[in-house]
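Colleague: What follows is a single structure, and I will ask about it in a moment.
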Amino acid sequence: MEQCPICDTKFTTGKVNYCSTCGWDLTPYPIGFQLPEYFAQREEEKIYWARKLWQKMESQLGQYKSELSQLQFQLSEARLKRVELEVQNRGLLSQTQWLNQLQSDLQTQKKELEEQLENSEYNRSLLQSIIDKLEAENKGILCRIEGVIQQYYDLQTQEEELEKELKNSEHNRSLMQSKIDKLEAENRVFLSQIEGLNQQYSDLQTQKKELEEQLNLSHYKSFHLQTEKERLEGERKNFVSKIEQLNQELSDVKKKLSKLQEPKDGKSKGKKDMWGID
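The sequence shown begins at 650 in the working numbering and counts up by one.
Pasting the structure below:
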């Protein structure tokens, strides 16, 4: 198993052409092929740039997802707290209703006792003490009612603050989602750039093949011309050798003719030979 040079995703050589995670071209070079130094340097620079960009985007995406998860957790806690406050609020309302009913019952008892007090002076003192006691209890109940009402108002305030926190959490969550969408858009651009680089790489491979074909053809032509040159050189040497041989034969013939044309007596002295050869 090998790893993608950009995102370290494992893959099996020869079974995949592109990385399943980042889309990088994983097509292997032919066996025995060595990329020229210039193209190899450019390839290393592209891989380094793409890997750094991928790591940066992965880091930002992880950070945004972590912040989004934290905001969602805070939002969930705020909702639970809101539910608890609503339960407490309903309990306080129920308690307030009970206290109001109790106050109403005490008021009824007070009226009944006042009526009895009017009808019976004998029990006036006893009834007055009972009334005072009921009024004291009534004041205590009123204090409790005021406390409950204050707690109710406090809960209302907490609920309003919680509503604000929920709105802020929703706003932050929306902001984080926007950042994630932006990062995903940048990721798509990055993948598009990788596709462009892959296309450039494919074009370079095509150019390399064409150059190799031209180079092979050039080698063939050079070999053919060298062979032809050697053949012509051999023919030239043979021709020069034949010319030298003919010149030698011609020289021998001239010498023989010269001997044949030498005068046998003095009468023919000073005449040219019949061939016009001096």
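Every residue gets a Cβ at the ideal spot worked out from N, C-alpha and C, and that includes glycine.
Just to confirm the assignment: which complete alpha helix (DSSP H) runs, minimum length 4, are found wholly within the segment 662 to 730?
Modeller: Counting only unbroken stretches of 4 or more residues, no alpha helix (DSSP H) element lies wholly within the segment 662 to 730.
Colleague: Can you tell me which of Asn817, Val736 and Thr662 puts its alpha carbon nearest to the alpha carbon of Pro677?
Modeller: One-based indexing of the sequence shown puts residue 677 at position 28. Of the listed residues, the one whose Cα sits closest to Pro677 is Thr662.
Colleague: Using DSSP's beta-bridge definition, name the partner residues of Lys659.
Modeller: Numbered from its first residue, the sequence shown carries residue 659 at position 10. According to DSSP, Lys659 bridges with Gln652.
Colleague: Between which residues of its own chain and Arg700 is the CB-CB distance below 7 Å, once the five residues before and five after are set aside?
Modeller: Residue mapping note: residue 700 aligns to position 51 of the sequence shown, counting from 1. Cβ neighbours of Arg700 beyond the five flanking positions: Pro654 and Ile655.
Colleague: Answer yes or no: do Ile780 and Leu751 have a C-beta to C-beta separation smaller than 8 Å?
Modeller: For the purposes of this step, residue 780 is identified with residue 131 of the sequence shown, where counting begins at 1. For the purposes of this step, residue 751 is identified with residue 102 of the sequence shown, where counting begins at 1. Cβ distance not < 8 Å, so Ile780 and Leu751 don't count as in contact.
Colleague: Starting from the Cα of Gln746, find the closest Cα among Glu726, Asn896, Thr876 and Tyr801 and give me that residue.
Modeller: In the sequence shown, residue 746 corresponds to position 97, counting from 1. Nearest C-alpha to Gln746: Tyr801.
Colleague: Using only CA atoms, which one of Thr670, Asn787, Gln712 and Lys831 lies nearest to Gln758?
Modeller: Position 109 of the sequence shown, counted from the start, is the residue given in the question as residue 758. Selected option, being the one with the closest Cα: Asn787.
Colleague: Counting pairs of Cβ atoms below 8 Å between the segment 729 to 748 and the segment 681 to 694, do you hit three or more?
Modeller: No contact exists between the segment 729 to 748 and the segment 681 to 694.
Colleague: Is there contact here, the segment 708 to 721 with the segment 663 to 673, by at least three beta-carbon pairs under 8 Å?
Modeller: no
Colleague: Does the distance from the C-beta atom of Ala689 to that of Leu815 stay below 8 Å?
Modeller: Counting from 1 along the sequence shown, the entry for residue 689 is found at position 40. Counting from 1 along the sequence shown, the entry for residue 815 is found at position 166. The answer is no: Cβ separation not under 8 Å.
Colleague: Taking the alpha-carbon positions, what's the Lys903 to Thr876 distance?
Modeller: Taking the sequence shown and counting its residues from 1, the one referred to as residue 903 is at position 254. Taking the sequence shown and counting its residues from 1, the one referred to as residue 876 is at position 227. Taking the straight line from one Cα to the other gives about 40 Å.
Colleague: Rank Ile680, Lys828, Ser753 and Leu824 by C-alpha distance to the C-alpha of Leu783 and give the top, closest one.
Modeller: Position 134 of the sequence shown, counting from 1, holds the residue named residue 783. For Leu783, the nearest C-alpha among the options comes from Ser753.
Colleague: Which same chain residues, not among the five before or five after Gln723, have their C-beta less than 7 Å away from its C-beta?
Modeller: The sequence position of residue 723 within the sequence shown is 74, counting from 1. Excluding the 5 residues flanking it on each side, Gln723 has same chain C-beta neighbours closer than 7 Å at Ser818, in chain order.
Colleague: Excluding sequence positions up to five away, which residues of its chain have a Cβ less than 8 Å from the Cβ of Asn666?
Modeller: Counting from 1 along the sequence shown, the entry for residue 666 is found at position 17. Taken in chain order, the residues that qualify are Asp674, Leu675 and Thr676.
Colleague: Might you give, ordered along the chain, the residues of its own chain that have their beta carbon closer than 8 Å to the beta carbon of Gly919, omitting 5 neighbours on each side?
Modeller: What you label residue 919 is simply residue 270 of the sequence shown in a count that begins at 1. Only weak support exists for where Gly919 lies, its pLDDT of 48 falling under 50; the value from the coordinates is given anyway. None.
Colleague: Rounded C-beta distance between Leu720 and Arg822? I'm assuming under 8 Å.
Modeller: Working through the sequence shown from its first residue, we reach residue 720 at position 71. Working through the sequence shown from its first residue, we reach residue 822 at position 173. Their Cβ separation, rounded to whole angstroms, is 5 Å, which keeps Leu720 and Arg822 in contact under 8 Å.
Colleague: For Glu844, I'd like the list of residues in its chain whose CB is within less than 8 Å of its CB, leaving aside the five on either flank, ordered along the chain.
Modeller: Locating residue 844 in the sequence shown gives position 195, counting from the first residue. These residues qualify, in order along the chain: Gly672.
Colleague: Would you decide whether Met650 is buried or exposed? Buried here means 16 or more other CB atoms lie within 10 Å of its CB.
Modeller: Your numbering for residue 650 matches position 1 in the sequence shown. It counts as exposed.
Colleague: So, under 8 Å CB-CB, Lys730 and Leu811 are touching, yes? Tell me the CB distance rounded to an integer number of Å.
Modeller: Position 81 of the sequence shown, counted from the start, is the residue given in the question as residue 730. Position 162 of the sequence shown, counted from the start, is the residue given in the question as residue 811. 6 Å between Cβ atoms; contact.
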